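To keep things clear, I will list the structure first and then write my remarks on it.
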Amino acid sequence: MHVPDRVIVVEVGPRDGLQNETAMVSVDDKVTFIALLSAAGCPVIEAGAFVSPLWIPQMADTADVFARISKRTGTRYTALVPNVEGLNRAHAAGVTEVAIFAAASETFSRKNINQDIDASLAGYRDVCGRARELGIQVRAYLSTAFGCPFEGHIEPRAVAQVAGALIDMGAFEVAVSDTIGIAHPGQVPAVVTAVAERVPVEKLALHFHDTRGTALANVLAALDLGVTTFDASAGGLGGCPYAPGATGNLATEDLLYMLDGLGVETGIELNAVLAATRFMSARVGHAPASRYVAAMHAAGASTRPDDRRSSS
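Going by the numbering used here, the first residue of the sequence shown is number 18, and it counts up by one from there.
Below, the structure written as structure tokens:
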């Protein structure tokens with residue numbers, strides 16, 4: 018199996034994690050959470066979203082969060098935007114990197130953003146054009162790449178077509194996403210290989226959910242294919258409010274523990290991520306979904322985990 022020397026972990030807990038929580042987390046607590054993740058050495062933190070507060074009220078205070086973040090040198094702080102209006106709001110808040118979100122499933126696209134795939138891509142071309150004018154980098158999510166809650170199986174060539182369109186319009190990276198947590202390691206090569214025919218593998222990221230306990234196995238399969246960027250969420254926070262049954266982002270702690278065991282560097286300190294997870298778990302009112310955190314708790318070491326670091 019091929020294992021790279023280094024992997025980039027994109028921490029999505031403050032956005033993808035918190036947007037699906039019923040608890041409304043304060044600006045103060047979001048800023049502290051992001052500060053703890055920054056101190057852990059996370060190279061990329063998705064800190065919020067400039068979306069309609071009517072649809073996702075948990076993200077209504079993103080501008081206030083960005084105004085108060087103490088930015089760490091070496092960390093990129095990003096935000097999700099649905100359209101040019103959201104991009105302009107992000108720019109006004111000082112954001113220098115944004116994410117857009119398309120889907121490989123027509124039904125999911127309509128239910129998620131009230132547009133079919135072609136219409137959504139047309140809108141994102143406008144976003145990318147405006148982003149170039151503003152000097153803002155654009156990352157793209159590609160939802161339902163491994164299956165759709167409404168349509169079921171999605172053909173890999175359909176995933177590749179949308180991924181290629183996102184790169185062609187100016188996205189620097191596409192995060193191919195297992196929105197409902199049904200991907201398995203036997204499926205990963207077919208999807209990644211198809212997408213890699215349209216998008217260089219170095220511009221691919223993978224976003225797995227651990228709903229069925231296969232996320233780490235999927236990461237291993239993707240590593241063997243040359244993918245070196247993976248999304249994860251501290252404590253396994255998150256899901257998608259528009260995907261029935263989709264819970265459980267891949268926990269950052271679980272990913273770090275595996276990568277550390279493989280000798281793969283990330284620059285992130287696991288002990289410090291655990292501190293961030295403990296802080297936010299107390300605010301959202303439930304235990305983290307991370308298997309590593311659960312194991313540490315069962316061993317009676319939840320407050321004093323081994324200090325494992327994968328550093329540069």
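By construction, the Cβ of each residue, glycine as well, lies at the ideal position given by its N, Cα and C atoms.
The structure presented is a predicted model; accordingly, all values stated were derived computationally and were not measured.
(1) Output yes or no for whether 8 Å exceeds the beta carbon distance between residue 59 and residue 38.
(2) Let me know if residue 294 comes out buried or exposed under the rule of 16 or more other beta-carbons within 10 Å of its beta-carbon.
(3) For residue 232 and residue 85, what's the separation of their Cα atoms in angstroms?
(4) Nearest-angstrom Cα distance between residue 243 and residue 24?
(5) Can you confirm whether residue 108, when its beta carbon is compared against all beta carbons of chain D, has any partner nearer than 8 Å?
(6) In three-state terms, what does DSSP make of residue 240?
(7) Which full runs of the alpha helix (DSSP H) of 4+ residues lie inside the stretch 138 to 199, going along the chain?
(8) Report the residue from 207, 69, 110 and 284 whose alpha carbon sits nearest the alpha carbon of residue 174.
(9) Three-state secondary structure (DSSP) at residue 46?
(10) Is the beta carbon of residue 296 less than 8 Å from the beta carbon of residue 53?
(11) Would you say residue 283 and residue 276 are within 8 Å of each other, going by their C-beta atoms?
(12) Determine whether the beta carbon atoms of residue 181 and residue 216 lie at a separation below 8 Å.
(13) For a test of your reading of the model: does the CB of residue 177 fall under 7 Å from any non-hydrogen atom of the ligand FAD? Yes or no.
(14) So what does DSSP say about residue 229, is it helix, strand or coil?
(15) Can you tell me whether residue 185 is buried or exposed, with buried defined as 16 or more other CB within 10 angstroms of its CB?
(16) For residue 266, write down the residues that DSSP places opposite it in a beta bridge.
(17) Per DSSP, which residues does residue 23 bridge with? Please list them.
Reading from the atomic positions:
(1) Taking the first residue of the sequence shown as 1, we reach residue 59 at position 42. Taking the first residue of the sequence shown as 1, we reach residue 38 at position 21. In this structure, residue 38 does not lie closer than 8 Å to residue 59 by Cβ.
(2) In the sequence shown, residue 294 corresponds to position 277, counting from 1. Result: buried.
(3) Translated into the one-based positions of the sequence shown, residue 232 becomes position 215. Translated into the one-based positions of the sequence shown, residue 85 becomes position 68. Whole-angstrom Cα-Cα distance: 33 Å.
(4) Locating residue 243 in the sequence shown gives position 226, where the first residue counts as 1. Locating residue 24 in the sequence shown gives position 7, where the first residue counts as 1. One C-alpha to the other measures close to 10 Å.
(5) Judged by its chain identifiers, the structure shown contains no chain D, having just a single protein chain.
(6) For the purposes of this step, residue 240 is taken as residue 223 along the sequence shown, with counting starting at 1. In this structure, residue 240 counts as helix in the three-state DSSP scheme.
(7) 173 to 185
(8) The residue labelled residue 174 in the question sits at position 157 within the sequence shown. Looking at the Cα atoms, 207 is the closest of the given residues.
(9) Position 29 of the sequence shown holds residue 46. Of the three classes helix, strand and coil, the one that applies to residue 46 here is helix, per DSSP.
(10) Position 279 of the sequence shown, counted from the start, is the residue given in the question as residue 296. Position 36 of the sequence shown, counted from the start, is the residue given in the question as residue 53. If you check the CB distance, residue 296 and residue 53 come in under 8 Å.
(11) Here residue 283 is taken as the residue at index 266 of the sequence shown, counted from 1. Here residue 276 is taken as the residue at index 259 of the sequence shown, counted from 1. Contact: yes.
(12) The residue you call residue 181 lines up with position 164 of the sequence shown. The residue you call residue 216 lines up with position 199 of the sequence shown. Yes, these two residues count as a Cβ contact at 8 Å.
(13) You won't find the ligand FAD in this model; it holds no ligand whatsoever.
(14) Working through the sequence shown from its first residue, we reach residue 229 at position 212. Three-state DSSP puts residue 229 in coil, outside helix and strand.
(15) The residue given as residue 185 occupies position 168 in the sequence shown. Exposed.
(16) The count along the sequence shown starts at 1 and reaches residue 266 at position 249. Per DSSP, the beta bridge partners of residue 266 are 226.
(17) In the sequence shown, residue 23 corresponds to position 6, counting from 1. According to DSSP, residue 23 bridges with 282.
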